[in-house]
Amino acid sequence: MATKDECAKVKEKQKDYVHIKSDDQYINLNLNNQNHKCVEALPSSYSPKDNRKDQNYATSKMLDFLHLNNLRAQKDLNSWKESNSNLCTTFTNSNRNSEKKDEFKKSKSTNNSTLSLHIAAYENSTEATNDLKSSEKEVVQSKGERLVKKRKTSNHLADGTTSITQMSGGLYMIDDISPIVFDLGSYSFRAGYGGQETPYFDVPSNVGVREVIERTIDETIDGGKMQKEYFIDTNMITVPRRDTEIVSFLKNGMIEDWDVFEQIWDYMITRCLGCDTKEHPMLFSEPPWNQRDKREKIMELAFEKYNMPASYLMKNAVLTLFSGGRSSGLVLDSGATHTSAIPIHDGYVLTPNVVTQPIGGDTIVEQCKSALEKQNIEIVPNYKIAHKYEVQENQKPKWTKKNNLPEVRESFEDFAVKKVVEDFAHSTLQLCDTPIDPDFMDKLPAASYAFPCGLRKDILSERAKIPEGLFDLKYLRGENIKQQFQMNVTDIASHAAGMCENEIRTQMYSNVYVAGGNSLIMGFPERLNHELAVRCPASVKLRVSWAAPPVERRFGAWIGGSIVSSQPSFYQYWVTKADYDETGKSIVEKRCA
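Just so we're aligned: the sequence shown equals residues 783 to 1375 in our numbering.
The following block contains the structure:
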């Protein structure tokens, strides 16, 4: 029998939990079922073009653009600051450090990092506008309003206009043609135009592949060529088909199957964006540990297959940190297949100090599946269900199976079941902000969940035990757990920060930024803050931040790429087609840090 003190502790812990009913969702995580689009875009972007003969016209357009850019930069900085108000920040050890230092104070030394230049461009443009006299501000504002009005009333092509201003180094600024930003993740592939708040499209990284034999009239039955048929995007991949395998073209976050990748990249460009790649530069995110041959292959495809005028590869962790308004810090990215801690100093990844482990969203899905099977709960995927009937809670479900279903491959069945388990995890799991005793987990409030087959089930201690495995490996079920997982999430972050030099280590703990789809588990950032507070030195002021909106936390790298690619200062970093033709694909190692 529990004592009064134990009961008091249970009640106190229950306050940290939210009771979830079957029809409620604490967050909308299933974004792949619809193409997420933006309605507003920043207008400035760049692309190389043929030189204009009329230099006077180009100079005039350049001056107009610079006047307008001051207004844009001020507006962008204000919106950027407003977006940072959505960041959730937790301070720990704030009273331990007697010295009060400005952590975002500019360095006196010249900083040549990419992100620092972008931030400096923001600040310099704003300061230049603020230094103008009131009469000059009115002139700038009036001229800017006229240009914006002209842009809105003019006839635009499907993919932009032809208003071009020549810049130094053979680059050109085009008012309305935005760069394309691609962010490749283990769970999904995101694409959209630079300057927008969220990606236009979010397509699963899994693809359906079926081999078919194509024959001509003259060929016999034994003749013919074996061809592959690809099924891409949510609406296509979830349809049951005979002889279709569900595959992923990624391994350890890097592209492994280039044939499948080219198919999904073609789909994103032609079917989703529907743009002319000759008119748009491209910014592509990549993992910090990406290999040279894979980087060169992406650059080669961009210039030789898609004829893009310019392109650039950038580390996804750097972009994620920049989306949070920082150029230095420790990015804790917990995604589908792995969780990584990436130290970043002045916009550069400290590659030797990067720590990654194969623990993430897929680990949680497998743990949920194992827990449901242990309770003899049959997981019926949606594609099998024709009708379902309402039943009382914990009663046996009543449903009818669809007729004439094709015989599907095991990979498709696993994929369909995984989607059900993912929704279960998103709807029920919750972490407490501090470790709790396993005996108390059974006394926590239940979360009711309705399965696709109609079964309604109260989820008790499993909703806390399963995600607890992210921070304490003893909660993970299965064989060879110790061999498969060497570190938990807290170990990953503390090891990455601990390998940094003393001066940088303090900065890492002071700027921990949480991102990734797996971090959307309720209570994940708060729990990480508590665990790191126990481990970090007493003299360090720990600060853990994360974006409050789920979309921003999940699409952090893409949002950072959207901000970077749309900045006027970024034009000097693009690798142009002329640069590629002169140097070859090896230029990616020289220009894309």
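We put the beta carbon where it would ideally sit given N, CA and C, even for glycine.
- As computed with DSSP, Gln1139 is found in a beta bridge with Thr1121.
- Straight across, the Cα-Cα distance linking Thr1059 with Gly1143 is about 34 Å.
- Considering only Ile1141, Trp1340 and Gly1366, the residue with the shortest C-alpha distance to Glu1068 is Trp1340.
- Residue state for Arg1335 is assigned as helix, using DSSP reduced to three classes.
- One Cα belongs to Met1050, the other to Asn1098, and the distance between them is close to 19 Å.
- Here the alpha carbon of His1277 sits roughly 36 Å from the alpha carbon of Trp1047.
- Going by C-alpha positions, Ile1080 is about 30 Å away from Asp1196.
- Sixteen is the threshold: when 16 or more other Cβ atoms of the shown chains lie within 10 Å of the Cβ of Thr1358, as they do, the residue is buried.
- Taking C-beta atoms as the reference points, Lys1151 and Val1203 count as a pair closer than 9 Å.
- With contacts defined by Cβ atoms closer than 9 Å, Arg992 and Arg972 do not form a contacting pair.
- Out of Ile1141, Leu1310 and Glu979, the CA that lies nearest to the CA of Pro1331 is found in Glu979.
- Our two residues, Ala1279 and Leu1310, have alpha carbons roughly 14 Å apart in a direct line.
- In the DSSP assignment, Trp1328 falls within the unbroken beta strand (DSSP E) covering Leu1324 to Ala1329.
- For Leu1114, the three-state secondary structure derived from DSSP is strand.
- DSSP, reduced to helix, strand and coil, places Ser1093 within a strand of the structure shown.
- Beta-bridge partners assigned by DSSP to Thr1272: none are found.
- According to the DSSP assignment, Thr1210 belongs to the alpha helix (DSSP H) that extends over Glu1192 to Thr1210.
- With a beta-carbon spacing of about 21 Å, Ser1368 and Glu1044 fall beyond the 8 Å limit used to define contacts.
- Distance between Val1333 and Lys1007, taken at the CA atoms: about 44 Å.
- If you check the CB distance, Gln1268 and Gln1139 come in under 9 Å.
- In this structure, DSSP gives Leu1032 an extended state, which the three-state scheme calls strand.
- Considering only Glu1261, Asp1273 and Phe1337, the residue with the shortest C-alpha distance to Asn1300 is Phe1337.
- Here the alpha carbon of Asp965 sits roughly 27 Å from the alpha carbon of Glu1308.
- Residue environment analysis places Asn1135 among the buried positions, since at least 16 neighbouring C-beta atoms fall within 10 angstroms of its C-beta.
- Sorting Arg1245, Tyr1171 and Pro1091 by C-alpha distance to the C-alpha of Ser1230 places Arg1245 at the top.
- According to the DSSP secondary-structure assignment, Leu966 is paired through a beta bridge with Phe971.
- Burial check for Lys1239: the Cβ neighbour count within 10 Å reaches 16 or more, so the residue is buried.
- Secondary structure note for Pro986: its beta strand (DSSP E) is the uninterrupted segment Phe983 to Pro986.
- In the assembly as shown, His1169 is an exposed residue. Its beta-carbon has fewer than 16 other beta-carbons within 10 Å.
- Pairing Tyr1362 with Tyr1130, the inter-Cα distance amounts to about 23 Å.
- The beta carbons of Val963 and Ser1327 sit no closer together than 9 Å.
- Collapsing the DSSP output to three states places Gln1157 in coil.
- By the Cβ-count criterion, Ile1146 is buried, with 16 or more other Cβ atoms from all chains shown falling within 10 Å of its own Cβ.
- In this model, His1208 and Ile1248 are separated by some 12 Å (Cα to Cα).
- Remark: C-beta atoms of His1312 and Asp1219 do not approach each other more closely than 9 Å.
- Spanning the alpha carbons of Trp1356 and Arg1074 requires a straight line of approximately 18 Å.
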